[in-house]
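Protein chains in written order, with the working numbering: chain A, 12 to 411; chain B, 3 to 135.
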Amino acid sequence: MKILPLSLKNLARKPGRTAALVLLTAFLALAVFGGSVVILSLRTGLQSLEARLGADIILVPSEAQSKVSFQNMFLQGTTGAFYMDAAVADKALEVPGVEKAAPQTFLASLKADCCSIKIQVIGIDPAKDFTVQPWIARSLTGDMGDMDVVVGCRVEAGIGEIIRIYEQRCKVVAQLEPTGTGLDIAVYCNMHTMDTLLAAAEAKGVSHKIASGDDSVISAVYIKVKDGYDIDTVNTALTGKLRKVTAVRTRSMITGVSDSLAGVSRTVSAMTVVIWILAFIILLLAYTLVVRERTREFAVLRLIGASRGMLGRMALLESAMCGLGGGIAGTGLAAIGVFSFSALIESSLGLPYLFPGIGTILLLAAGTVLLSIAVSALASAFAARRLSRVQPGTALREGN
Amino acid sequence: MKKQIIPGYAVFALALVISVGSVSFLGPWVHEDGTVGACHWASRALLGLGMLLSVLAMLAVLLRGARLGLYLAMCLSSILGILTPGTLISLCKMSSMHCRAVMQPAMTILFAAAGLAALCGAVMCFREKKERA
Numbered sequence: 012m013k014i015l016p017l018s019l020k021n022l023a024r025k026p027g028r029t030a031a032l033v034l035l036t037a038f039l040a041l042a043v044f045g046g047s048v049v050i051l052s053l054r055t056g057l058q059s060l061e062a063r064l065g066a067d068i069i070l071v072p073s074e075a076q077s078k079v080s081f082q083n084m085f086l087q088g089t090t091g092a093f094y095m096d097a098a099v100a101d102k103a104l105e106v107p108g109v110e111k112a113a114p115q116t117f118l119a120s121l122k123a124d125c126c127s128i129k130i131q132v133i134g135i136d137p138a139k140d141f142t143v144q145p146w147i148a149r150s151l152t153g154d155m156g157d158m159d160v161v162v163g164c165r166v167e168a169g170i171g172e173i174i175r176i177y178e179q180r181c182k183v184v185a186q187l188e189p190t191g192t193g194l195d196i197a198v199y200c201n202m203h204t205m206d207t208l209l210a211a212a213e214a215k216g217v218s219h220k221i222a223s224g225d226d227s228v229i230s231a232v233y234i235k236v237k238d239g240y241d242i243d244t245v246n247t248a249l250t251g252k253l254r255k256v257t258a259v260r261t262r263s264m265i266t267g268v269s270d271s272l273a274g275v276s277r278t279v280s281a282m283t284v285v286i287w288i289l290a291f292i293i294l295l296l297a298y299t300l301v302v303r304e305r306t307r308e309f310a311v312l313r314l315i316g317a318s319r320g321m322l323g324r325m326a327l328l329e330s331a332m333c334g335l336g337g338g339i340a341g342t343g344l345a346a347i348g349v350f351s352f353s354a355l356i357e358s359s360l361g362l363p364y365l366f367p368g369i370g371t372i373l374l375l376a377a378g379t380v381l382l383s384i385a386v387s388a389l390a391s392a393f394a395a396r397r398l399s400r401v402q403p404g405t406a407l408r409e410g411n
Numbered sequence: 003m004k005k006q007i008i009p010g011y012a013v014f015a016l017a018l019v020i021s022v023g024s025v026s027f028l029g030p031w032v033h034e035d036g037t038v039g040a041c042h043w044a045s046r047a048l049l050g051l052g053m054l055l056s057v058l059a060m061l062a063v064l065l066r067g068a069r070l071g072l073y074l075a076m077c078l079s080s081i082l083g084i085l086t087p088g089t090l091i092s093l094c095k096m097s098s099m100h101c102r103a104v105m106q107p108a109m110t111i112l113f114a115a116a117g118l119a120a121l122c123g124a125v126m127c128f129r130e131k132k133e134r135a
């Protein structure tokens with residue numbers, strides 16, 4: 012007597028029962044795979060943000076923090092436009108311990124011709140920049156010329172395409188790799204292009220002039236601290252030397268994000284564990300009920316020569332097959348949901364969100380399917396043991 | 003015979019969600035300045051395709067003789083539905099926009115499910131025809 016064909020026939024003979032067991036396991040797999048991908052993506056996003064920022068300190072005008080959350084600007088692409096004197100970058104270099112100072116100018120577009128929301132335009136100085144330039148260099152082989160722009164990965168503009176910002180035609184020359192942050196929906200250009208865009212914005216009635224009336228403006232200065240210098244000491248020195256400027260430590264910004272991420276991870280993990288415990292209990296009950304239903308069937312099998320071990324293996328094999336089906340279905344459904352609606356999940360969480368590598372995802376999927384099989388088999392182990400000990404004569408006499 | 007109308011009902015239910023969703027909870031947001039973009043017209047096209055699918059599904063339930071052809075038409079309409087947002091009609095250029103983040107993936111999944119249901123119906127009808135022959 013072969014176990015596999017018999018088990019398959021048993022499952023096919025009771026489609027309702029089989030479907031219920033598969034659905035239950037699918038629910039388990041969906042919770043585990045979906046939850047794990049979300050947690051891993053958040054962690055990858057945070058690592059990407061750390062790598063991408065590059066600077067130790069960011070200098071912004073004092074009023075910037077009241078205008079827009081600097082953290083939100085990075086994480087969600089919330090547009091901000093705040094300006095200070097361009098001389099701040101040179102003054103910062105005079106502070107002991109400052110190795111590099113890279114100025115950036117921000118401009119929130121009124122509305123790009125592509126979308127109904129504002130996009131963040133960031134002007135960089137390629138000669139001084141050390142934060143964005145290394146990432147641009149990976150995508151762009153030549154120099155970034157005037158009216159050339161590099162777009163974040165989530166701005167769907169092809170290379171060579173023209174996008175309009177404040178009615179100015181800008182040519183897309185490269186697209187950056189994903190970071191999972193608001194930087195993905197930003198547009199980068201050099202300072203000459205930014206001056207043109209600022210003038211165009213001025214013509215449209217969007218003022219960017221600072222109180223002094225100086226046209227040479229920047230929005231932030233990214234500071235790299237020399238090795239051997241304490242970042243906090245340099246931070247204090249910068250705050251003391253530069254007036255109307257706030258120095259923000261990037262580490263404190265990332266720590267804030269990390270805390271939020273830990274909170275989300277804990278919630279998702281707790282929910283996954285609760286779902287698993289509940290579903291395991293339901294599976295245990297389901298297989299216990301199956302024992303009662305199948306006592307006579309197993310008694311007949313014993314009478315026609317099936318050994319106890321064979322019956323136990325058959326029950327385990329059937330539950331493992333339900334686990335396999337449910338695991339594949341649940342993982343597939345979770346993959347469709349998590350990957351299709353990644354942009355929605357990212358904007359809902361408001362945290363850096365970047366999928367891990369394909370290898371990790373495949374490994375996670377395989378692990379989830381294996382776990383589903385193991386849990387199904389474990390839940391049915393007790394039932395399989397009882398079924399294998401069925402006394403044929405007693406069972407048939409009692410009519411169970 | 004009864005089995006062959008089940009995919010028809012499934013497609014009808016999905017088509018209703020597509021039709022209602024494309025102009026409400028799954029549809030693109032109205033621009034801040036009240037203007038409409040290409041994604042607005044994509045949602046209108048999806049509304050039309052959803053209505054077409056629902057009519058075809060109802061006809062497949064009612065007309066026994068034309069069922070195979072109707073199911074095949076539903077499969078083709080579903081492919082058209084998958085291709086409409088993003089490929090045939092462009093959407094907003096930022097992937098964080100509602101039309102790209104919600105409408106496109108949701109419509110792809112709904113049309114794919116409708117297409118699969120219609121394909122099952124077509125296979126059932128084809129088998130029945132073969133058995134009769």
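Virtual Cβ for every residue (Gly too), placed ideally from N, Cα, C. No experiment lies behind these values; they were computed from the predicted model shown.
Same chain only: Cβ atoms within 7 Å of residue i, ignoring 5 sequence neighbours per side
i, result
"I7 of chain B", "V63"
"A124 of chain B", "L70, Y73, L74 and C77"
As assigned by DSSP and simplified to three states, the class of residue i
i, result
"K13 of chain A", "coil"
"A376 of chain A", "helix"
"I130 of chain A", "coil"
"R175 of chain A", "strand"
"P107 of chain B", "helix"
"C94 of chain B", "coil"
"E61 of chain A", "helix"
"G224 of chain A", "Confidence at G224 of chain A is low in this model, with a pLDDT of 49, below 50, so the placement of that residue should be treated as unreliable; the coordinate-derived value is given next. Coil, per DSSP."
"R307 of chain A", "helix"
"K237 of chain A", "coil"
"I369 of chain A", "helix"
"P403 of chain A", "helix"
"P114 of chain A", "strand"
"L70 of chain A", "strand"
"M95 of chain A", "strand"
"V279 of chain A", "helix"
"D159 of chain A", "strand"
Contact check, residue i vs residue j, beta carbons under 8 Å
i, j, result
"G323 of chain A", "A395 of chain A", "yes"
"A40 of chain B", "S98 of chain B", "no"
"V217 of chain A", "V184 of chain A", "no"
"Y177 of chain A", "S120 of chain A", "yes"
"A168 of chain A", "K95 of chain B", "yes"
"G341 of chain A", "A40 of chain A", "yes"
"L143 of chain B", "T86 of chain B", "Residue coverage of chain B in this structure runs from 3 to 135, which leaves residue 143 of chain B outside it and unanswerable."
"M105 of chain B", "S45 of chain B", "yes"
"A42 of chain A", "T283 of chain A", "yes"
"A258 of chain A", "L70 of chain A", "yes"
"I147 of chain A", "V166 of chain A", "no"
Residue-level contact to chain B via CB, residue i, 8 Å cutoff
i, result
"E167 of chain A", "yes"
"S52 of chain A", "no"
"S120 of chain A", "no"
"F366 of chain A", "no"
"A354 of chain A", "yes"
"I196 of chain A", "yes"
"S383 of chain A", "no"
"S358 of chain A", "yes"
"I339 of chain A", "no"
"S351 of chain A", "yes"
"I133 of chain A", "no"
Contacts around residue i, its chain only, beta-carbon distance under 8 Å, and the 5 residues preceding and following it disregarded
i, result
"V245 of chain A", "D67, I68, V106, P107, G108, V109, I234 and V236"
"K102 of chain A", "K252 and L253"
Selected residue, minimal CA-CA separation from residue i, among the options
i, options, result
"L32 of chain A", "A:G156, A:A92 and A:I384", "A:I384"
"R260 of chain A", "A:G65, A:L328 and A:L312", "A:G65"
"V198 of chain A", "A:L327, A:L335, A:R305 and A:I135", "A:I135"
"S150 of chain A", "A:I133, A:L187 and A:D157", "A:L187"
"I174 of chain A", "A:V132, A:F291 and A:S230", "A:V132"
"G27 of chain A", "A:V386, A:C333, A:A345 and A:P403", "A:C333"
Contact test: residue i Cβ vs the ligand SAM heavy atom, cutoff 7 Å
i, result
"S73 of chain A", "Looking for the ligand SAM in the displayed structure turns up nothing, as the structure carries no ligands at all."
C-beta neighbour in chain A for residue i, strict 8 Å
i, result
"S45 of chain B", "no"
"A116 of chain B", "no"
"R66 of chain B", "no"
"R102 of chain B", "yes"
"K5 of chain B", "no"
"L121 of chain B", "no"
"K131 of chain B", "no"
"S97 of chain B", "yes"
Spatial neighbours of residue i in its chain, beta-carbon cut-off 6 Å, leaving aside the 5 residues before and after
i, result
"L61 of chain B", "L72"
"M95 of chain A", "P72"
Closer than 8 Å to chain D by CB, residue i
i, result
"M109 of chain B", "In the structure shown, chain D does not exist; the protein chains are A and B."
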